[in-house]
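Protein sequence lines, in the order shown, are assigned to chains A and B.
Residue numbers for the first sequence follow our numbering, beginning at 6 and rising by one.
Residue numbers for the second sequence follow our numbering, beginning at 6 and rising by one.
Number of protein chains: 2
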Amino acid sequence: MTTTVDESMRNGVDTLTLFATIDAVKSTPEAAKFQFRAQNEWISGTHNRGTIHDYFGVGSERVHERTFTFDADHPAVLVGRDNGPTPVEYVLHALAACLTAGLANIAAARGITLTEVRSTVTGDIDLNGILGLDPGVRNGYQNITVRFTVKGDAPAEKLRALVEQSRARSAVFDIITNQVPVTIEVETD
Amino acid sequence: MTTTVDESMRNGVDTLTLFATIDAVKSTPEAAKFQFRAQNEWISGTHNRGTIHDYFGVGSERVHERTFTFDADHPAVLVGRDNGPTPVEYVLHALAACLTAGLANIAAARGITLTEVRSTVTGDIDLNGILGLDPGVRNGYQNITVRFTVKGDAPAEKLRALVEQSRARSAVFDIITNQVPVTIEVETD
């Protein structure tokens, strides 16, 4: 029994539960429809605070075990007070987190034990765009580079294939490299 | 003098510094080239930790006043331990934060004093995509909706125009609604 449990748990991933979850969704595709949410409250200047708590998934309303709050701001050089990272830095964090979570799941599913996964994400941006000074410059990142270090009990080729498969199934990679329609509604009273 | 200072500070935005910064970039466009960065370290399963500290801008290497760290994870229903929001929730937070920061700056520049700005961002996602169960379903959000409540000393039409201008100049809105090229490099030893 102990051996079975150890075999199931790899990289901190409960692979039996992972496969059972995938099988459950296969038989009930509606369970995979999720809605994630973030609230935000303006504090002062470029400083605001986001709250993440509730979401919908597997057919019902759910809440995280805790309420997560995150401040965002601009640094002084961008006329803020540096009370938190800039919004665009959160995007880089989200990308690294998504690729890393997927990588650990995929490695577990493939029977590969990871010993280290680190990454640095860099995003180049020309603020002439958001400052409205050059109509030929986009507002967002011009390009993003992710540099991974991956170590585990598999040859380099198989470790690289984990990253490739994680990229192919990454929600945040898709959001950044493709287009998502965004609707904005405004209430003023 | 006091009146001048009060006039300059609106919504917590130092508009004199804001305009001076825009003028400075206008005469030295190179100053607007920034590189933002996030580091990530895998912890266990879908749990990993992001760190945001250094960046490049206005011609030199810079650091935030503090080092910001953020855990990301999946909830139990997605075979994680809920040690942090999911990566895709961070994307929603980034969008709200970017639109809100821009809105406060634009309101200040237009002489509008804000009293309240709140928003909720929702993102609909079908996990049949990332689970690899339906090749017709994308990995990322199918659509995102932002609902703003904006209050201040201007008519509804002008408050709505602030949101529209913030959208038109938002880095994160551009990243999500358009395409950003992402390069991934992997080291295995």
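Glycine residues also receive a C-beta, built at the ideal position from the N, C-alpha and C atoms.
Note that the coordinates shown come from a computational prediction; the quantities given were computed from them, not determined experimentally.
is_contact[residue i, chain A] using C-beta, thresh 9 angstroms
i, result
"residue 12 of chain B", "no"
"residue 192 of chain B", "yes"
"residue 46 of chain B", "yes"
"residue 158 of chain B", "no"
Local conformation of residue i per DSSP, three classes
i, result
"residue 185 of chain A", "coil"
"residue 57 of chain A", "strand"
"residue 69 of chain B", "strand"
"residue 132 of chain A", "coil"
"residue 22 of chain A", "helix"
"residue 6 of chain A", "Low local confidence applies: a pLDDT of 41 at residue 6 of chain A is under 50, so the model's placement there is unreliable, with the coordinate-based value given in what follows. In the structure shown, residue 6 of chain A sits in coil (DSSP, three-state: anything other than H, G, I, E or B)."
"residue 193 of chain A", "coil"
"residue 147 of chain B", "coil"
"residue 215 of chain B", "Only positions 6 to 194 of chain B appear in this structure, which leaves residue 215 of chain B out of reach."
"residue 76 of chain A", "strand"
"residue 159 of chain A", "coil"
Closer than 9 angstroms to chain B by CB, residue i
i, result
"residue 94 of chain A", "yes"
"residue 116 of chain A", "no"
"residue 121 of chain A", "yes"
"residue 140 of chain A", "no"
Neighbouring residues, chain A, relative to residue i (Cβ below 8 angstroms)
i, result
"residue 42 of chain B", "94, 97, 125, 126, 127, 128"
"residue 111 of chain B", "Those do not exist, as residue 111 of chain B stays about 10 angstroms from chain A at its closest Cβ, beyond 8 angstroms."
Reference residue i; option with closest CA among the options
i, options, result
"residue 13 of chain B", "B:112, B:83, B:69, B:76", "B:112"
"residue 22 of chain B", "A:82, A:58, A:17", "A:82"
"residue 52 of chain B", "B:37, B:161, B:85, B:38", "B:85"
"residue 42 of chain B", "A:137, A:45, A:98", "A:98"
"residue 33 of chain B", "A:136, A:187, A:18", "A:136"
"residue 160 of chain A", "B:79, B:191, B:54, B:62", "B:191"
Distance cut-off 8 angstroms: residue i Cβ against heavy atoms of the ligand FAD
i, result
"residue 173 of chain B", "For the structure depicted, the ligand FAD is absent and the ligand set is empty, with no information on it obtainable."
Residue i: contacting residues in chain B (beta-carbon distance under 9 angstroms)
i, result
"residue 66 of chain A", "Chain B residues near residue 66 of chain A: none, gap ~12 angstroms exceeds 9 angstroms."
Contact list for residue i against chain B, beta-carbon separation under 7 angstroms
i, result
"residue 154 of chain A", "192"
"residue 131 of chain A", "37, 38"
Chain A residues whose Cβ lies nearer than 9 angstroms to that of residue i
i, result
"residue 179 of chain B", "134, 135, 143, 144, 145, 146"
"residue 106 of chain B", "47, 50, 51, 52, 53, 77, 78, 79, 85, 91, 92"
Proximal residues of chain B, C-beta to C-beta of residue i below 8 angstroms
i, result
"residue 87 of chain A", "69, 70, 71"
Contact between the region 107-117 of chain A and the region 140-149 of chain B: three or more CB pairs below 8 angstroms? Touching, no.
Stretch-stretch touch, CB-based, cutoff 8 angstroms, three pairs: the region 89-96 of chain A with the region 155-171 of chain A: Two segments are said to touch when three or more pairs of C-beta atoms, one from each, lie closer than 8 angstroms; by this definition the region 89-96 of chain A does not touch the region 155-171 of chain A.
Using 8 angstroms as the threshold, is the region 54-70 of chain A in touch with the region 118-130 of chain A, meaning 3 or more CB pairs across them? Touching, no.
Taking one C-beta from the region 25-38 of chain B and one from the region 175-184 of chain B each time, how about it: are there three or more such pairs within less than 8 angstroms? Counting Cβ pairs under 8 angstroms, fewer than three are found: no touch.
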